[in-house]
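> Below you'll find the structure I mean.
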Amino acid sequence: MLEFLHTLLEPKTLIMTLGTLGVIAIIFIETGLFFGFFFPGDSLLFTAGFLASQGYVSLAGLLIGTFLAAVIGDSFGYTFGKKVGPTLFSREDSVIFNKKHIARAQHFYEKHGKKTIILARFMPIIRTFAPIVAGIGNMRYRTFATFNIIGAFVWTWGMLWLGYGLGELIPNPDKYVIPVIIVIILLSATPTLFQILKRDVD
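Next comes the structure, spelled out in structure tokens:
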């Protein structure tokens, strides 16, 4: 069981095990299903781009597939939020669902409005629940779709090309995969931690 969880949460192992289609599926799950919040989307995309530079996975397949998965995933989350709505707040907390994640995304949405759909792409956990909150808040679908497409493109292509570019630039890149992944995880977690600390101070 512990080995299975390690495979799920360690980006390089995940990519080498599941390949391009696995990465695409995980991006959909993380962005579209509320129980997918624990997947490491940022580091997964970056590492996938990094490994693509070494020929392990297809960059073209990743660029197209993860973009579509992110767009469809957020659209699914939006529809889920619109249909299920406030009943989520009466749901009991469990291993795969915690009301505080919805509350945190809602607080972020109230502060940033429609820009949330783009900004949340770079914030773990919030990116999973932001489209759900947009659906609950009855954001116009046309507006949501526009920001969804922009956010999905900037996030997936940005992280993939960043990883690919770094893999092309540095010699013996395999030696640096783990340290770089750790840096990406820390950087991607910083905005979320900042929001939590700021909210607690307020």
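So for the sequence shown, the UniProt record's numbering puts the first residue at 1; every next one is plus one.
Don't be surprised by glycine CBs; every beta carbon is placed ideally from N, CA and C.
As the structure is a computational prediction, the values presented were derived from the model and not from experiment.
Among the residues of its own chain, which have a CB less than 7 Å from the CB of leucine 9, if the five just before and after it don't count?
Because leucine 9 sits at a pLDDT of 49, beneath the cut-off of 50, its placement in the model cannot be relied upon, and the following sentence gives the value as read from the coordinates. Counting only Cβ-Cβ distances below 7 Å, and skipping sequence neighbours, we find Pro40.
> In three-state DSSP terms, what is asparagine 138?
In this structure, asparagine 138 counts as coil in the three-state DSSP scheme.
> With DSSP as the reference, label proline 124 as helix, strand or coil.
Looking at proline 124 - three-state DSSP - the assignment turns out to be coil, as it is neither helix nor strand.
> Would you identify the three-state DSSP class for isoleucine 170, choosing helix, strand or coil?
The answer is coil: DSSP assigns isoleucine 170 none of H, G, I, E or B.
> Any chance the stretch 147-158 sits against the stretch 50-57, with 3 or more Cβ pairs inside 8 Å?
Taking 8 Å as the limit for Cβ pairs, the verdict is that the stretch 50-57 does not touch the stretch 147-158.
> Grab me the residues of glycine 77's own chain with a C-beta within less than 6 Å of its C-beta, minus the 5 sequence neighbours each way, in chain order.
Closer than 6 Å at Cβ, skipping near neighbours: Gly32, Pro131 and Ile132.
> Helix, strand or coil for leucine 63, going by three-state DSSP, please let me know.
In the structure shown, leucine 63 sits in a helix (DSSP, three-state: H, G or I).
> Take the Cβ of threonine 47 as the centre, count every other Cβ of all protein chains shown within 10 Å, and call the residue buried at 16 or more, exposed below.
When all chains shown are included, threonine 47 counts as buried.
> May I ask you to report which of helix, strand or coil DSSP gives leucine 33?
Coil at leucine 33, not helix or strand.
> So, helix, strand or coil for glutamate 92, using DSSP?
In this structure, glutamate 92 counts as coil in the three-state DSSP scheme.
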